[in-house]
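Notes to accompany the following structure.
Number of protein chains: 4
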Amino acid sequence: MKVNVGMVGCGFMGKAHSNAWHRAHIFFKTGAEAVMKAACDSDKKAVKAMADLWGWQRTETDYRKLVTAEDIDLVDIATPNKAHAEIAIAAAEAGKAILCEKPLAMDLKQALAMVKAVKKNKVLNVVAFNYRRVPALALARQIIQEGRLGRIFHVRACYLQDWIIDPDFPLVWRLQKPIAGSGAHGDLNAHIIDMARFLVGEITEVTGDAKTFIKQRPVLEAITGGLGAKASKKKKGKVTVDDAVIFLAHFRNGAIGTFEATRFAQGRKNGNKIEINGEKGSLAFNFERMNELEFFDAQDPKHLQGWRNIMVTEPGAHPYMHAWWPAGHIIGYEHTAVNLASDILTAMAKKKKSLQPDFADAARTQAVLDSVLVSAKKRAWVKVPKV
Amino acid sequence: MKVNVGMVGCGFMGKAHSNAWHRAHIFFKTGAEAVMKAACDSDKKAVKAMADLWGWQRTETDYRKLVTAEDIDLVDIATPNKAHAEIAIAAAEAGKAILCEKPLAMDLKQALAMVKAVKKNKVLNVVAFNYRRVPALALARQIIQEGRLGRIFHVRACYLQDWIIDPDFPLVWRLQKPIAGSGAHGDLNAHIIDMARFLVGEITEVTGDAKTFIKQRPVLEAITGGLGAKASKKKKGKVTVDDAVIFLAHFRNGAIGTFEATRFAQGRKNGNKIEINGEKGSLAFNFERMNELEFFDAQDPKHLQGWRNIMVTEPGAHPYMHAWWPAGHIIGYEHTAVNLASDILTAMAKKKKSLQPDFADAARTQAVLDSVLVSAKKRAWVKVPKV
Amino acid sequence: MKVNVGMVGCGFMGKAHSNAWHRAHIFFKTGAEAVMKAACDSDKKAVKAMADLWGWQRTETDYRKLVTAEDIDLVDIATPNKAHAEIAIAAAEAGKAILCEKPLAMDLKQALAMVKAVKKNKVLNVVAFNYRRVPALALARQIIQEGRLGRIFHVRACYLQDWIIDPDFPLVWRLQKPIAGSGAHGDLNAHIIDMARFLVGEITEVTGDAKTFIKQRPVLEAITGGLGAKASKKKKGKVTVDDAVIFLAHFRNGAIGTFEATRFAQGRKNGNKIEINGEKGSLAFNFERMNELEFFDAQDPKHLQGWRNIMVTEPGAHPYMHAWWPAGHIIGYEHTAVNLASDILTAMAKKKKSLQPDFADAARTQAVLDSVLVSAKKRAWVKVPKV
Amino acid sequence: MKVNVGMVGCGFMGKAHSNAWHRAHIFFKTGAEAVMKAACDSDKKAVKAMADLWGWQRTETDYRKLVTAEDIDLVDIATPNKAHAEIAIAAAEAGKAILCEKPLAMDLKQALAMVKAVKKNKVLNVVAFNYRRVPALALARQIIQEGRLGRIFHVRACYLQDWIIDPDFPLVWRLQKPIAGSGAHGDLNAHIIDMARFLVGEITEVTGDAKTFIKQRPVLEAITGGLGAKASKKKKGKVTVDDAVIFLAHFRNGAIGTFEATRFAQGRKNGNKIEINGEKGSLAFNFERMNELEFFDAQDPKHLQGWRNIMVTEPGAHPYMHAWWPAGHIIGYEHTAVNLASDILTAMAKKKKSLQPDFADAARTQAVLDSVLVSAKKRAWVKVPKV
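The listed protein sequences derive, respectively, from chains A, B, C and D. Position 249 of the first sequence, counted from 1, bears residue number 250 in the working numbering, the numbering being contiguous throughout. Position 270 of the second sequence, counted from 1, bears residue number 271 in the working numbering, the numbering being contiguous throughout. Position 192 of the third sequence, counted from 1, bears residue number 193 in the working numbering, the numbering being contiguous throughout. Position 300 of the fourth sequence, counted from 1, bears residue number 301 in the working numbering, the numbering being contiguous throughout.
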């Protein structure tokens with residue numbers, strides 16, 4: 002079976018997704034093969050270059066043409082956050098399956114509109130919270146579901162980066178609220194909220210704080226994607242998003258949690274960390290060592306208890322690893338996107354109706370994100386709306 | 002010079018302090034030697050046993066007799082929290098130098114009364130926030146004072162233990178509000194607040210949350226100190242303190258922080274961790290590897306930047322280590338108390354008027370502790386009173 | 002420019018090389034693009050399956066046809082060790098560029114014949130000691146060449162795996178001397194000898210020891226590649242290679258070294274480790290954390306000296322990383338092969354005459370391998386022949 | 002019961018032993034208390050200072066007087082290696098119990114004479130291979146004895162230091178063969194040989210290599226102990242011991258091993274490491290993190306297997322830790338000597354005839370040390386004599 006993919010967006014995520022569609026069916030027995038049919042971006046030159054590089058068969062500059070094209074089965078939305086809702090709703094109405102980058106939307110209202118659209122049109126929909134497909138985190142979920150942690154007491158999550166500490170780093174789209182919605186919050190907290198929900202369950206209440214350390218930055222002549230962008234002028238513009246957001250959370254199951262997202266943690270490059278402490282055991286993960294999962298099992302004999310460093314690379318024992326290399330031959334960041342693409346292709350081959358995290362699920366993450374920002378303004382605890 | 006010490010309390014802290022007085026003048030050139038003059042505890046048998054073991058010259062059962070004894074120069078308060086204020090104020094009025102265990106008091110009001118007493122009576126006073134004397138943390142302070150971190154953005158501190166997860170663990174004094182004041186909060190957050198203040202400066206605002214996971218526990222026949230106490234009956238009593246307290250904080254210098262203290266982090270035995278991220282560098286510490294300090298220096302050449310694991314054991318380069326062993330021959334928990342005792346003896350030999358952290362300093366930690374509990378009740382941010 | 006590749010072999014290495022040719026020109030600006038022209042294996046079905054999966058344009062079952070085909074520019078030898086020499090010499094005589102898997106040959110004699118053939122026919126030749134293209138090891142070499150280690154005293158290298166500890170693991174080709182030449186020695190010591198030579202220089206003398214822990218294993222019906230092969234019968238056959246080889250070494254520059262290769266180190270999955278100690282600094286690497294390099298710089302201020310964990314993922318600062326992902330987004334095992342393929346394509350685009358490690362260089366690794374086995378028999382030190 | 006101790010030697014080891022006798026009976030219920038009766042050293046001033054500091058009741062300058070004194074029960078030999086045999090034999094003949102520093106002797110011949118003396122005189126004798134009393138290594142032995150490793154395949158041991166890399170470091174006694182016997186070999190290999198024998202059993206054959214990197218060093222005016230000694234003149238003298246010794250070993254039980262001792266491993270301060278790989282599990286230890294033991298258990302469910310970091314600080318579960326502090330409150334280097342002293346006092350209180358490692362056991366370590374040096378000269382494998 003062939004799945005004709007049309008992708009919108011050609012920045013960092015365009016590269017990661019192109020690579021995923023290029024390889025998923027080779028490494029995994031998906032029963033379906035992605036055909037890289039059309040790539041779309043308003044920047045004609047950029048999209049042409051990307052298409053040439055990766056073998057996208059044609060290019061578009063208007064997403065409307067892409068989402069309504071007869072030969073497209075699945076629309077892959079890899080644009081800046083601002084455009085997600087508009088494209089996704091159009092794609093849903095055109096009856097296409099949809100993969101949408103995270104965060105799902107600019108706010109909860111938008112997210113709910115997107116959920117409504119996919120439900121109404123009954124299209125397969127999934128959000129690229131790719132860290133759920135890190136084998137170590139998929140294993141973490143399995144361990145929890147096997148009951149090895151028991152009652153959960155604590156979640157401790159942070160996502161630490163350091164790429165905008167330099168005050169001369171320019172005002173890229175990720176630092177502009179009209180395009181990005183928020184800063185570290187939607188970019189990084191979105192991930193760890195999704196991971197926490199995936200592993201521990203729903204968050205009911207939050208109180209948080211948002212901080213912008215550097216308030217003015219050099220303006221770029223043209224807004225471009227990517228992390229390596231350089232400012233072309235000395236003119237400064239206002240940073241309209243957070244540099245860091247921290248918050249406390251209550252979970253439905255009684256656990257409490259601390260969360261932190263920042264781009265100002267010097268020396269932390271992609272420090273996406275989560276620790277979960279339960280009655281019978283604990284788990285800890287750090288994306289910078291994404292092939293490892295730390296597990297403490299309080300059921301071990303007392304003199305042998307310790308934090309176990311599980312190298313999650315066993316083809317015969319660990320999620321997704323049958324597809325890759327022999328034990329100890331680690332995989333990297335991009336494999337999370339390939340793992341996700343393979344799950345999508347498999348779902349489509351099997352005519353599955355849903356795949357997690359779908360838009361409805363991602364809307365719940367959006368509800369937490371929104372509530373944190375509300376709490377930061379109110380300077381008080383806020384209940385997360387049930388959606 | 003001799004310093005006659007009278008110590009009140011004979012639990013875990015009594016052991017650690019006895020050991021400290023026993024050894025400080027041997028390892029350090031203090032100019033003063035502690036004479037272990039008198040030990041005091043209401044439990045006559047326990048205090049006799051401790052005195053015999055450690056060579057305390059006499060025992061008392063009434064602290065009033067001890068603090069007013071002519072031959073006592075310094076009163077060492079190693080009792081449960083409840084008794085700190087009463088003993089300290091009496092000792093101050095008797096003109097004795099005072100070492101008081103942390104947290105300084107049951108609440109800020111008490112703490113301020115203690116500060117008043119020591120100021121009025123002009124006695125040397127110091128609080129046993131012993132982690133300031135971990136060589137790695139003393140080095141951390143030195144690195145910050147050398148300007149190697151620049152502007153501070155983030156503090157991330159937690160103190161994780163797991164010793165009361167078992168619901169059959171009994172209702173020891175540390176779980177009873179009238180004796181302990183609070184639970185993990187005063188016991189563990191007190192330490193990391195002190196460490197954060199020591200390294201980064203004052204905290205101005207907080208919002209927090211307190212949680213008691215297990216609300217009833219087996220009652221002990223007699224209230225005793227120590228961690229190994231066992232319940233003698235099936236009768237249950239109410240846990241009146243927190244099991245965990247988490248909070249967000251603003252620092253005067255613009256940094257933001259997350260804090261967490263818990264006794265429910267399965268697998269974390271003494272996970273007293275702090276990370277500080279600044280513009281030019283970062284630091285990270287974990288008490289379970291207390292001889293190591295992690296330092297990231299963004300001034301290093303780009304291709305060589307990395308988290309440096311400094312083994313803080315160099316006699317010629319690291320605080321306190323000239324007194325101990327050759328490089329790489331690590332020290333342990335108890336050495337923090339010996340280091341502190343040596344600083345006290347040195348201060349007394351030199352007739353110094355003050356030593357940090359003194360009662361006034363510890364009252365500021367108490368102000369943060371109190372404010373967190375207020376915020377948890379109000380469910381909103383609270384300003385920390387300046388004291 | 003197009004480079005038509007013909008590959009022989011379709012096991013684990015066939016997969017890794019296919020992936021490399023598939024992606025090198027996409028991620029790197031090589032100036033040349035690999036065309037996956039023909040795949041060859043004596044197992045017709047297997048090679049057909051691999052060709053279908055990866056898009057090899059045609060298949061062959063006789064390597065002679067492949068190496069002499071007019072449309073082939075480069076022959077990629079990914080077969081078991083036994084066949085390397087024969088194919089490589091034929092390819093050289095046909096004037097093809099050659100990429101040959103490691104170890105280069107079954108023994109030094111064979112290796113020298115191969116060197117002679119490529120020299121005589123002046124074809125580009127390179128050996129797949131892919132770990133030289135791990136960014137962390139390329140950085141290690143750069144650090145040494147920058148003079149940051151000074152005089153080298155020690156090399157400590159081991160390559161630890163555990164996949165054949167089970168006595169029921171079958172007699173795969175890697176355990177048969179006529180096909181593999183040796184066991185852990187040629188498979189694993191070959192890598193760490195190459196790495197040590199790459200970083201520290203030539204080895205002049207060795208003394209070693211070879212051990213076979215399990216001497217009989219279940220026979221496979223058909224000899225197949227791969228690690229997951231299962232025995233189909235209870236019949237046992239003799240293991241004719243080593244399970245582990247350890248040796249001591251002298252380097253030309255005066256350093257001394259210890260080496261160990263084993264498939265019997267329970268819990269070590271791909272523990273390819275090397276540590277180098279010099280007068281001014283030290284380096285340590287472990288493939289299981291291949292994105293990290295440990296560096297100790299004795300030129301740092303004394304109180305700040307420590308082992309630096311360099312996350313070798315900076316696009317702007319670390320070898321090969323400009324091609325991949327943002328900092329902290331790690332790469333995996335397979336990327337080493339892509340990095341190598343990109344260097345080969347670049348070399349061919351630039352008409353470069355040589356690329357390291359070439360056959361002549363790999364013959365020097367073979368000389369060490371052979372000398373170790375001689376020393377193990379003689380039970381004495383043996384000089385490594387200069388080749 | 003009182004045990005009157007007479008100690009000879011007042012360098013680094015004199016300090017560590019004084020501390021041990023000072024504290025053993027306080028922390029452990031030994032049934033016997035050490036009385037620090039007499040300290041002896043040829044340097045009258047130094048021994049006086051040490052006695053004053055630690056409370057040794059009297060001093061001697063002639064060991065003969067000490068070992069024959071009526072009021073001495075146990076002779077503690079903490080001198081440079083050269084003097085061990087002479088003092089120990091005299092002490093044995095005087096009927097005293099003996100604690101002797103490691104290595105037992107200058108060579109095997111001496112060691113055997115010492116064994117003969119203690120056997121003939123039936124005195125309790127023990128050698129200060131203190132690392133056997135690191136709780137983590139005592140636990141390692143327990144794990145092996147519980148059968149959790151099964152058949153042992155590999156031992157990988159090294160002891161890495163870096164304190165004499167500077168060519169201006171002076172010619173201290175440890176660098177002079179007539180006083181020290183050997184260099185890193187007797188100082189450091191002695192420890193890891195003892196540890197390997199303790200954990201895995203006897204070594205039957207070895208082949209090794211000794212290296213002196215810096216052959217001339219500044220002479221000291223007076224030969225003194227300690228690591229911090231400074232050269233007072235520019236005059237140079239010859240280094241007559243090894244700077245590093247590496248060797249391969251065969252164990253009686255079929256395991257093979259690599260060993261390395263060096264004082265030239267830049268950045269390794271006290272890197273006393275051992276790893277043991279068995280059929281069912283593996284263990285790894287590093288003294289720089291002496292409170293931790295790494296354990297891999299291949300009996301765990303496949304998806305949960307990993308290297309467990311056991312924090313060996315549980316009072317109720319780990320050797321020696323009942324005497325110290327709550328879990329997670331680590332101990333340090335000096336505690337190994339206290340643990341040993343407590344075992345000696347307990348043995349004497351119980352009138353035990355022997356305690357391990359006794360002289361006979363240490364002679365077997367000496368046999369390995371000697372054989373390695375013979376093999377280094379012969380440049381071939383050498384059988385270790387059974388003694």
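Cβ coordinates follow ideal geometry from the N, Cα and C atoms, glycine included.
Taking 9 Å as the cut-off, the Cβ atoms of Val339 of chain D and Ala112 of chain D do not count as close. In terms of CA proximity to Met8 of chain C, C:Lys97 leads the group C:Ala33, C:Lys97, C:Gln300 and C:Thr31. Within chain D, the residues placing a beta-carbon under 7 Å from that of Asn278 of chain C are Phe265, Ala266 and Gln267, ordered along the chain.
Secondary structure at Pro327 of chain D: coil, using DSSP grouped into helix, strand and coil.
Here Ser355 of chain A is not bridged, per DSSP, to any residue. Take the alpha-carbon of Glu147 of chain B and the one of Gly187 of chain C: they are about 52 Å apart.
Proximity of the segment 370-382 of chain B to the segment 208-220 of chain B meets the contact definition, three or more beta-carbon pairs being nearer than 8 Å.
In the three-state DSSP reduction, Trp308 of chain B falls in the strand class (E or B). Judged by pairs of C-beta atoms under 8 Å, the segment 300-317 of chain D touches the segment 293-311 of chain A, as three or more such pairs exist.
Those residues of the segment 275-307 of chain C placed with their C-beta closer than 7 Å to a C-beta in chain B are Phe296, Lys303, His304, Leu305, Gln306 and Gly307, ordered along the chain. At a cut-off of 9 Å between beta-carbon atoms, Met322 of chain D makes no contact with chain B.
If you look at Asn20 of chain C, you'll find it in the alpha helix (DSSP H) that goes Phe13 to Phe28.
What Ala328 of chain B touches in chain D, judged by beta-carbon distance under 8 Å, is Trp164, Lys270 and Asn271, going in chain order. By the criterion of a C-beta distance shorter than 6 Å, Gly151 of chain D is surrounded in its chain by Gly279, Glu280 and Lys281, once the five residues flanking it on both sides are discounted.
By the rule that beta-carbons nearer than 9 Å mark a contact, Leu150 of chain B does not touch chain C.
In the structure shown, His85 of chain C adopts helical secondary structure according to DSSP, grouped into three states. Counted as a single uninterrupted DSSP element, the stretch harbouring Ala79 of chain D is not any beta strand (DSSP E), since DSSP gives it neither H nor E.
Between Ile88 of chain C and Thr80 of chain C the beta-carbon gap is near 7 Å, inside 8 Å, which marks them as a contact. With a cutoff of 9 Å on beta-carbon distance, Asn254 of chain A and Ile153 of chain A are scored as near each other. Counting along the chain, Met196 of chain B sits inside no beta strand (DSSP E); it lies in the alpha helix (DSSP H) bounded by residues Ala191 to Val201. In its chain, beyond the 5 residues on either side, Asp163 and Ile166 have a beta carbon closer than 7 Å to the beta carbon of Gln267 of chain B. Under the three-pair Cβ rule at 8 Å, the segment 169-187 of chain A does not count as touching the segment 342-359 of chain A.
Going by beta carbons, Thr366 of chain A and Asp195 of chain A fall inside the 9 Å limit. Think of a sphere of 9 Å around the beta carbon of Gly333 of chain B: the chain D residues whose beta carbon falls inside it are Asn292, Trp325, Trp326, His330, Ile331, Ile332, Gly333, Tyr334, Glu335 and His336, in chain order. The C-beta distance from Phe214 of chain B to Arg142 of chain B rounds to 35 Å, too long to meet the 8 Å contact threshold. Each residue's CA atom was taken as its position, placing Phe28 of chain B and Asp344 of chain B some 12 Å apart. One finds nothing in chain C with a Cβ atom closer than 8 Å to the Cβ of Phe29 of chain D; even the nearest lies about 34 Å away. Residues Lys103, Asp195 and Pro358 of the same chain have their beta carbon placed closer than 6 Å to that of Phe130 of chain A, with the five preceding and five following residues left out of the count. Distance from Ala137 of chain B to Phe286 of chain B at the Cβ level is roughly 6 Å; contact confirmed, criterion being Cβ atoms closer than 8 Å. For Lys216 of chain C, the closest Cβ of chain D is not nearer than 9 Å. Against Trp55 of chain A, the close residues of chain C are Ile27, in the order they occur along the chain (beta-carbon pairs closer than 7 Å). DSSP links Glu261 of chain B through a beta bridge to B:Cys159 and B:Ile247. Between Ala35 of chain B and Ala342 of chain B, the gap from beta carbon to beta carbon is short of 9 Å.
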